[in-house]
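Step one of this worksheet: look at the structure below.
Protein chains: 2
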Amino acid sequence: MRDKLKLYLVTDSDILKGRDFYKCVEDALKGGVTIVQLREKKCLGKEFLEKAYRLRELTKKYNALFIINDRVDIALLVDADGVHVGQKDIPAFEVRRLIGKNKILGVSTRTLEEAVKARNDGADYLGVGAIFATNTKLDAEHVSINKLKDIQKSVDIPIVAIGGLKLDNIDMLKECNVDGYAVVSAILTADDIYNESKVWVNEIINKGC
Amino acid sequence: MRDKLKLYLVTDSDILKGRDFYKCVEDALKGGVTIVQLREKKCLGKEFLEKAYRLRELTKKYNALFIINDRVDIALLVDADGVHVGQKDIPAFEVRRLIGKNKILGVSTRTLEEAVKARNDGADYLGVGAIFATNTKLDAEHVSINKLKDIQKSVDIPIVAIGGLKLDNIDMLKECNVDGYAVVSAILTADDIYNESKVWVNEIINKGC
Chain F
1 MRDKLKLYLV
11 TDSDILKGRD
21 FYKCVEDALK
31 GGVTIVQLRE
41 KKCLGKEFLE
51 KAYRLRELTK
61 KYNALFIIND
71 RVDIALLVDA
81 DGVHVGQKDI
91 PAFEVRRLIG
101 KNKILGVSTR
111 TLEEAVKARN
121 DGADYLGVGA
131 IFATNTKLDA
141 EHVSINKLKD
151 IQKSVDIPIV
161 AIGGLKLDNI
171 DMLKECNVDG
181 YAVVSAILTA
191 DDIYNESKVW
201 VNEIINKGC
Chain R
210 MRDKLKLYLV
220 TDSDILKGRD
230 FYKCVEDALK
240 GGVTIVQLRE
250 KKCLGKEFLE
260 KAYRLRELTK
270 KYNALFIIND
280 RVDIALLVDA
290 DGVHVGQKDI
300 PAFEVRRLIG
310 KNKILGVSTR
320 TLEEAVKARN
330 DGADYLGVGA
340 IFATNTKLDA
350 EHVSINKLKD
360 IQKSVDIPIV
370 AIGGLKLDNI
380 DMLKECNVDG
390 YAVVSAILTA
400 DDIYNESKVW
410 VNEIINKGC
């Protein structure tokens, strides 16, 4: 699972400049993202489920992992590889009760305390951020590189950095040796999503980060 | 189950005039509502789950049924008696896959077509409305009494009328012999929720409607 976290795409339907959602995600998959999280905070269940079925197919086609944000019921229905929850979603230990031992559980954390708790509650990986300022999650609190390093030292599960990651600001993360780089707008607002994904793959996978 | 649908309270945290959510629901249960649906469209998962656990306890205490709107995952976690979905939520047959045969499945319908489909997809009861104009669901389309009767003739499962029901407008529903009367503001905006519920119980249960 750890290797598959490397280039982690989180979806956001609102930033696609009117382009087709599935085409955008498929372009990112073709380009090489290794895992996709369907994150649709405004979607009602029917539409969310439709998107989840489609992305389940697409991620399988490109041998990527597929994670559902928040809605465990939808993750179960489409047989996603896992669920990702934030601190205001269903608590991790409750999610684990529903998804069983074999599915992946990711938890967003901003503090060492949250990280340790998530680990103890059964998280398989942590999303840590926002590392940099981000326009796609305006309420996200900043997590310093030092705090990220503290969390890495204290928690023995993979860590995915998220929040404002761009090609020109991730050098610090490479030094930290994080397990994954989560991107939203860096890829989804690119004019050429396929090529942009390939550039990211080259930057953080092919260079052996 | 049919008998328990009679006085059906749907929650709405936004209309409680600052009063305590649990106290309001407990007052309604004390007064005699027979079933409570937790409907919290704005709540994130953690808060929704907390409310669900508390209402699960309260409904057990008063021997009422407990239904969760939309979030099947939360219904499963708190062992609610069932799930209620609208036309924009997870489709009924998918909900049934998750909840199994024994839990109650309710579906909101406005047309004969939707009603027949919901029945065929495994619904145990239908919520039909909005029968009258309502302030708690502004996008609700109107369902005439004639359409309600058409649905009753065509679908052999219990029908709960919803939408703007008040003590002074339910006579037509009594004539239709609906199985349940779903209320939101009629009870939850009352100054004395306990007494208001008792008045409703007297009106639609004790009088043998």
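As they're listed, the protein sequences go chains F and R. Using my numbering, the final residue of the first sequence is 209, and nothing's skipped along the way. Using my numbering, the final residue of the second sequence is 418, and nothing's skipped along the way. Ideal placement from N, C-alpha and C gives every residue a C-beta, glycine not left out.
Using a C-beta cutoff of 8 angstroms, does residue 89 of chain F count as contacting chain R?
True, the Cβ-Cβ gap to chain R drops below 8 angstroms.
Report the residue from R:336, R:355, R:354 whose alpha carbon sits nearest the alpha carbon of residue 215 of chain R.
It is R:336 whose Cα lies nearest to the Cα of residue 215 of chain R.
Would you report the Cα separation of residue 118 of chain F and residue 91 of chain F, rounded to the nearest angstrom?
Computed Cα separation, rounded: 9 angstroms.
Assuming residue 48 of chain F is part of the alpha helix (DSSP H), what are its boundary residues?
Segment 45-61, the alpha helix (DSSP H) holding residue 48 of chain F.
I think residue 81 of chain F touches residue 65 of chain F, with their Cβ atoms under 8 angstroms apart; what is that distance to the nearest whole Å?
The pair is a contact, with the Cβ atoms about 5 angstroms apart (cut-off 8 angstroms).
Output the distance between the C-alpha atoms of residue 393 of chain R and residue 161 of chain F, rounded to the nearest integer angstrom.
In a straight line, the C-alpha of residue 393 of chain R is about 44 angstroms away from that of residue 161 of chain F.
Give me the residue from R:296, R:287, R:390 with the minimum Cα distance to residue 411 of chain R.
Minimum Cα distance to residue 411 of chain R is reached at R:390.
Between the stretch 72-86 of chain F and the stretch 302-322 of chain R, are three or more C-beta pairs nearer than 8 angstroms?
Counting Cβ pairs under 8 angstroms, three or more are found: they touch.
Cα separation between residue 334 of chain R and residue 89 of chain F?
In a straight line, the C-alpha of residue 334 of chain R is about 29 angstroms away from that of residue 89 of chain F.
Since residue 44 of chain F contacts residue 68 of chain F with CB under 8 angstroms, what's their CB separation in whole angstroms?
In fact, because the Cβ distance is near 15 angstroms, the residues do not count as touching under 8 angstroms.
Where residue 103 of chain F and residue 403 of chain R are concerned, what is the direct C-alpha to C-alpha distance, given to the nearest angstrom?
Going by the C-alpha atoms only, they are around 45 angstroms apart.
Kindly indicate the opening and closing residues of the alpha helix (DSSP H) around residue 154 of chain F.
Element bounds for residue 154 of chain F: 145-154.
Return the residue from the list R:350, R:409, R:354 that minimises the CA-CA distance to residue 382 of chain R.
Checking every option, the nearest Cα to that of residue 382 of chain R belongs to R:354.
By alpha-carbon positions, which one of R:236, R:242, R:303 ends up nearest to residue 50 of chain F?
Of the candidates R:236, R:242, R:303, the one whose C-alpha sits nearest the C-alpha of residue 50 of chain F is R:303.
Where does residue 266 of chain R land, buried or exposed, given buried means 16+ other C-beta within 10 angstroms?
It counts as exposed.
DSSP on residue 68 of chain F, reduced to helix/strand/coil?
DSSP places residue 68 of chain F in strand when its eight states are reduced to three.
Cα-Cα, which of F:142, F:121, F:28, F:153 is closest to residue 130 of chain F?
Answer by Cα proximity: F:142.
What is the rounded straight-line gap between the Cα of residue 63 of chain F and the Cα of residue 33 of chain F?
About 10 angstroms.
Identify, in the order they occur along the chain, each residue of the same chain with its Cβ nearer than 7 angstroms to the Cβ of residue 24 of chain F, setting aside the five sequence neighbours on each side.
Excluding positions up to five away in sequence, the list reads 16, 188, 193.
Which one or two residues does DSSP pair with residue 427 of chain R in a beta bridge?
Beyond the ends of chain R as shown, which are 210 and 418, falls residue 427 of chain R; an answer cannot be given.
Quick one: is residue 400 of chain R buried, meaning 16 or more other Cβ sit within 10 Å of its Cβ, or exposed?
By the neighbour-count rule (16 or more Cβ atoms within 10 Å), residue 400 of chain R is not buried but exposed.
Within its chain, find whatever has a CB closer than 6 angstroms to the CB of residue 219 of chain R; leave out the 5 residues flanking it on each side and keep chain order.
Taken in chain order, the residues that qualify are 246, 248, 391, 393.
With a threshold of 8 angstroms on Cβ separation, who are the neighbours of residue 133 of chain F within its own chain once the five nearest residues in sequence on each side are excluded?
Cβ neighbours of residue 133 of chain F beyond the five flanking positions: 142, 163, 164.
To the nearest angstrom, how far is it from the Cα of residue 293 of chain R to the Cα of residue 279 of chain R?
If you take the alpha carbons of residue 293 of chain R and residue 279 of chain R, they lie about 6 angstroms apart.
DSSP state of residue 123 of chain F, grouped into three classes?
Residue 123 of chain F falls in the coil class under three-state DSSP.
For residue 382 of chain R, would you say it is in contact with chain F, using Cβ-to-Cβ distances shorter than 8 angstroms as the test?
No, its Cβ sits nowhere closer than 8 angstroms to a Cβ of chain F.
May I have a chain-ordered list of the beta strand (DSSP E) segments no shorter than 3 residues that lie completely inside the stretch 7-32 of chain F?
Whole beta strand (DSSP E) segments, 3+ residues: 7-10.
Along the chain, where does the beta strand (DSSP E) containing residue 369 of chain R start, and where does it finish?
From DSSP, the beta strand (DSSP E) with residue 369 of chain R extends over 368-371.
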